[in-house]
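**Student:** In the UniProt record's numbering, the protein residues as written are 1 to 462. Glycine is no exception: its CB is placed at the ideal position from the N, C-alpha and C atoms.
1. Go through its chain and collect everything with a Cβ distance to residue 267's Cβ below 7 Å, but skip five positions before and after it.
2. My assumption, with CB atoms under 8 Å, is that residue 395 sits in contact with residue 436. Please give the rounded CB distance.
3. According to DSSP, is residue 313 part of a helix, a strand, or is it coil?
4. Leaving out five residues on either side along the sequence, give the residues of the same chain with a beta carbon under 6 Å from the beta carbon of residue 242.
5. So if DSSP puts residue 158 in a beta bridge, which residue, or which two residues, is it bridged to?
6. In whole angstroms, what separates the C-alpha of residue 97 from that of residue 387?
7. Would you check if the distance between the CB atom of residue 463 and the CB atom of residue 368 is smaller than 7 Å?
8. Who are residue 105's beta bridge partners in DSSP?
9. Quick one: give me the first and last residue of the alpha helix (DSSP H) that residue 179 is part of.
10. DSSP on residue 7, reduced to helix/strand/coil?
11. If we count the other Cβ atoms within 10 Å of its Cβ and call it buried at 16 or more, is residue 380 buried or exposed?
12. Here's the rule: buried if 16 or more other CB atoms are within 10 angstroms of the residue's CB, otherwise exposed. What is residue 245?
13. Could you pull the DSSP bridge partners for residue 355 from this structure?
14. So which of 239, 402, 252, 220 has the shortest CA-CA distance to residue 232?
15. Could you name the residues that DSSP lists as bridge partners for residue 397?
16. Should residue 108 be counted as a contact of the ligand FAD given a C-beta to heavy atom distance under 6 Å?
17. Report back the beta-carbon spacing between residue 78 and residue 63 to the nearest angstrom; my notes put them in contact at under 8 Å.
18. If you draw a straight line from the C-alpha of residue 375 to the C-alpha of residue 382, how long is it?
19. Answer with buried or exposed for residue 9, where buried requires no fewer than 16 other C-beta atoms within 10 angstroms of its C-beta.
20. What is the rounded straight-line gap between the Cα of residue 198 and the Cα of residue 187?
21. Across which residues does DSSP place residue 121 in a beta bridge pair?
22. Give the straight-line distance between the Cα atoms of residue 407 and residue 440, rounded to the nearest whole angstrom.
23. Please classify residue 237: is it buried, with 16 or more other beta-carbons within 10 angstroms of its beta-carbon, or exposed?
24. Less than 7 Å between the beta carbons of residue 185 and residue 71, yes or no?
25. CB residue 402 to CB residue 364, shorter than 7 Å?
26. Nearest CA to the CA of residue 33: which residue from 140, 119, 132?
27. What is the C-beta distance between residue 101 and residue 39, in whole angstroms, given that I count them as a contact (C-beta under 8 Å)?
28. Considering only the beta carbon of each residue, do residue 44 and residue 14 sit closer than 7 Å?
29. Would you verify that the beta carbon of residue 74 is, or is not, closer than 7 Å to some beta carbon of chain B?
Printed below as a string of structure tokens:
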């Protein structure tokens with residue numbers, strides 16, 4: 001090509017100048033070098049979030065677990081990343097009992113939720129090998145990273161198709177995972193993940209279009225002869241604990257389970273013509289997301305997706321409470337009134353109506369102080385039950401009808417609107433972090449402790 005260039009023979013060496021100026025990332029392999037040969041030999045996991053919109057249960061994250069051999073996928077929803085360790089223990093217990101195998105390898109990124117000391121010690125004690133990605137290299141956890149993208153894109157598409165608000169994202173994600181486990185994949189030829197995991201071919205006869213308008217039959221025991229036979233709902237998925245569909249009841253503002261359902265797959269809810277009902281949904285449904293209905297809380301009467309919205313309607317064996325305040329109720333000193341009532345099953349056994357010691361500057365502050373007072377009583381009652389041999393495993397549920405107060409309790413940040421509040425009232429934040437208390441939202445018309453803080457019409461008492 002040119003003349004006069006001397007021929008130089010020498011060993012290859014690294015040019016430091018080129019390394020500083022032009023080094024790039026090494027290419028990633030296009031295929032996998034190793035696949036698991038049996039169930040639970042390798043589990044992929046990753047956390048997705050935070051979402052910009054809270055779900056009905058105030059969740060912002062979801063976590064995936066994928067079995068490498070069968071590509072079966074499990075999804076759990078979280079409010080904080082700190083819940084990952086607790087969820088992994090539940091997942092491990094579930095899948096090991098179902099399959100008769102043991103988790104051998106867990107592959108994840110290096111997020112703090114996976115690298116905590118308690119997580120490391122637990123895996124070490126249980127004989128679970130850890131495979132962590134190199135920092136800033138999510139490609140090494142490609143199975144769950146790609147699955148996250150697929151699930152989120154499918155969920156967005158399903159919600160957009162039926163015009164559902166973003167608050168339904170958790171229901172859409174759960175339904176997406178349910179469907180993907182029943183769809184073929186190139187990773188396992190001629191089988192679906194569900195069949196590869198369970199050994200049974202899944203049925204698809206029951207599948208419906210997500211977000212469609214449907215009509216749920218009202219049992220005869222709950223209506224008279226002239227009442228309507230059904231109620232209009234929105235189809236939001238499938239129950240894995242009952243042979244029924246998951247429906248969002250527009251009147252109750254919560255998820256219910258129903259077997260007798262007629263689905264209009266071509267119809268969608270017109271949010272523009274029903275603005276009031278849309279507002280009711282966005283406000284009143286911040287109860288349990290019920291992505292899969294759980295057992296009743298051991299320390300609350302939190303309704304599951306098959307019960308009514310009345311906090312005292314459940315046959316709970318543990319107490320629950322509803323704190324309430326009346327902003328500036330005293331005309332003499334403008335101090336608010338705190339009130340709460342604890343119920344055991346359907347009976348109220350502990351209550352309070354007392355003027356607060358300081359003047360609250362907003363209704364949110366008054367509700368926050370009232371919730372703190374109720375928390376102290378709840379902790380005392382939990383100690384009594386423990387002395388009697390009834391230890392409360394899960395947190396006691398406190399129902400509050402002020403979203404701002406709930407946000408203040410769950411977000412331990414001091415700013416201009418909260419820094420003046422006495423430190424003793426921030427006690428509730430520690431109890432929520434320790435999972436002794438679960439602060440949940442309820443509508444004002446369902447707030448039982450209103451009777452202790454304000455004058456109510458006769459109809460409310462009845």
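**Tutor:** Considering the structure as presented:
1. Cβ-Cβ distances below 7 Å link residue 267 to 212, 213 in the same chain, with the five nearest sequence neighbours on each side left out; the list follows chain order.
2. 5 Å
3. In this prediction, residue 313 scores a pLDDT of 35, lower than 50, which makes its location untrustworthy; the coordinate-derived value is nonetheless stated afterwards. The answer is coil: DSSP assigns residue 313 none of H, G, I, E or B.
4. 257
5. The partner list for residue 158 (beta bridge, DSSP) is empty, contrary to what the question assumes.
6. 33 Å
7. Since the first and last residues shown for the chain are 1 and 462, residue 463 lies out of range.
8. Under DSSP, residue 105 takes part in a beta bridge, and its partners are 129.
9. 169-180
10. coil
11. exposed
12. buried
13. 337
14. 252
15. 438
16. The ligand FAD is absent from the structure shown, which contains no ligands of any kind.
17. 6 Å
18. Rounded to whole angstroms, residue 375 to residue 382 spans 10 Å at the Cα level.
19. exposed
20. 17 Å
21. By DSSP's assignment, residue 121 forms no beta bridge with any residue.
22. Between residue 407 and residue 440, the alpha-carbon positions lie close to 10 Å from each other.
23. buried
24. Closer than 7 Å, so yes.
25. Yes. Within cutoff.
26. 140
27. 5 Å
28. no
29. The structure shown contains no chain B; it is built from a single protein chain.
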